[in-house]
Amino acid sequence: MSAPRLTLPSPAKLNLMLHILGRREDGYHELQTIFQFLDYGDEITFAVRDDGVIRLHTEFPDVPHDSNLIVRAARQLQAQSACPLGIDIWIDKVLPMGGGIGGGSSNAATTLLGLNHLWQLGWDSDRLASLGLGLGADVPVFLRGHAAFAEGVGEKLTPVEPEEPWYLVLVPQVSVSTAEIFSDPLLTRDTAPIKVRPVPEGNNRNDCLPVVARRYPEVRNALNLLGKFTEAKLTGTGSCVFGGFPSKAEADKVSALLTETLTGFVAKGSNVSMLHRKLQSLL
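Each residue of the sequence shown is one higher than the one before, starting from 17 at the first, in the numbering used here.
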């Protein structure tokens, strides 16, 4: 009998705005941001093993096997649940690393949810989110699977329902160091907090954008080019840049003009992640 297998999506996210309110004593920054998912991402395939071994079969350049968030997530869930089973994992990777669209965090969340299902652990979303937060501040939103207004370091989540346009996402060929951006002396760290509902119009800026655009000419170029057609925004600390369009046809038209010189993709915004839609279909 073949081992149980499951293939799940690992979606990208966008930060529709990102405000930095201050720096905490532990060195992290207090944030306010809105997360929304894209119907676009990696695919991860899992196959259960009965010998307790956790093995990621897809190699990542510059990321040792045991340091990969996928492996770390699987091992922590295995340890905390005392599950005797193991897992083989393969990933079809399309999301860039260092792009600000949540690739690593999304992969960790898909792994936790996939193994919770395959290993039949029965963990609820609160317990998974608590484990996930230890892997990264963006992991809980992927675990909960709904667009959210996030506070704290990004872990306090309130569900929201922003519009779901089509997005053109440009991927400058540069990896932005989040730590470098957050330690930049010119970074705005004193934005006044806003209330979650309604998020006022005009408060959709990203406080990291001026610093990233100054440090990375590739990002600045993408912002300038996309900005000729729609409001161009930075997601997270970049490097990815995005803009919304009312239809796929309009996004595709601009994409055709810009992707001759830049890498990019068109995807639908979604307030319920495609990962959670897939998991719901398995119930």
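Note that the Cβ used here is the ideal one computed from N, Cα and C, for glycine as well.
Coarse secondary structure for residue i, derived from DSSP in three states
i: S141; result: helix
i: N222; result: strand
i: Q92; result: helix
i: I103; result: strand
i: K294; result: helix
i: L278; result: coil
i: R160; result: helix
i: E70; result: The residue you asked about is not Glu; residue 70 is Ile in the sequence shown. Strand, per DSSP.
i: A28; result: strand
i: V79; result: strand
i: R236; result: helix
i: D268; result: helix
i: L202; result: coil
i: V155; result: helix
i: L301; result: Not covered by the structure: residue 301. The range shown for the chain is 17 to 299.
i: V227; result: helix
i: V190; result: coil
i: V288; result: strand
Residues bridged to residue i (per DSSP)
i: T23; result: T61
i: M33; result: I50
i: T174; result: F165
i: L184; result: G259, V282
i: R39; result: H45
i: D55; result: D55 is not bridged to any residue.
Extent of the continuous beta strand (DSSP E) to which residue i belongs
i: V257; result: 257-261
Spatial distance of residue i from residue j (CA atoms)
i: G116; j: M33; result: 12 Å
i: L250; j: I107; result: 26 Å
i: I60; j: E46; result: 32 Å
i: E179; j: F51; result: 12 Å
i: G161; j: N220; result: 22 Å
i: L93; j: G243; result: 43 Å
i: G57; j: D206; result: 33 Å
i: I86; j: W182; result: 29 Å
i: P100; j: L225; result: 46 Å
i: V270; j: M113; result: 24 Å
i: D200; j: R230; result: 11 Å
i: G130; j: E266; result: 35 Å
i: A238; j: V192; result: 14 Å
i: T246; j: L144; result: 38 Å
i: E177; j: G260; result: 16 Å
i: S306; j: A208; result: With the chain covering 17 to 299 only, the question about residue 306 has no answer from this structure.
i: R236; j: Q48; result: 23 Å
i: S255; j: L30; result: 12 Å
i: L273; j: Y232; result: 22 Å
i: A195; j: S289; result: 27 Å
i: H81; j: D67; result: 19 Å
i: L241; j: L299; result: 44 Å
i: L137; j: T277; result: 47 Å
i: E234; j: V227; result: 13 Å
i: R65; j: H35; result: 44 Å
i: F258; j: G285; result: 11 Å
i: L151; j: E171; result: 12 Å
i: T127; j: G148; result: 10 Å
i: R293; j: V155; result: 17 Å
i: F198; j: S146; result: 24 Å
i: L37; j: V157; result: 20 Å
Range of the contiguous alpha helix (DSSP H) that encloses residue i
i: L131; result: 119-134
i: T194; result: 194-198
CB-CB length for residue i against residue j, believed under 8 Å
i: G118; j: A28; result: 6 Å
i: G252; j: V185; result: Not confirmed; about 12 Å, so no contact.
i: L173; j: A166; result: 5 Å
i: R21; j: F62; result: 7 Å
i: Y44; j: V169; result: 5 Å
Chain B contact for residue i (CB, 8 Å cutoff)
i: L295; result: No chain B appears in the structure shown, which is made up of a single protein chain.
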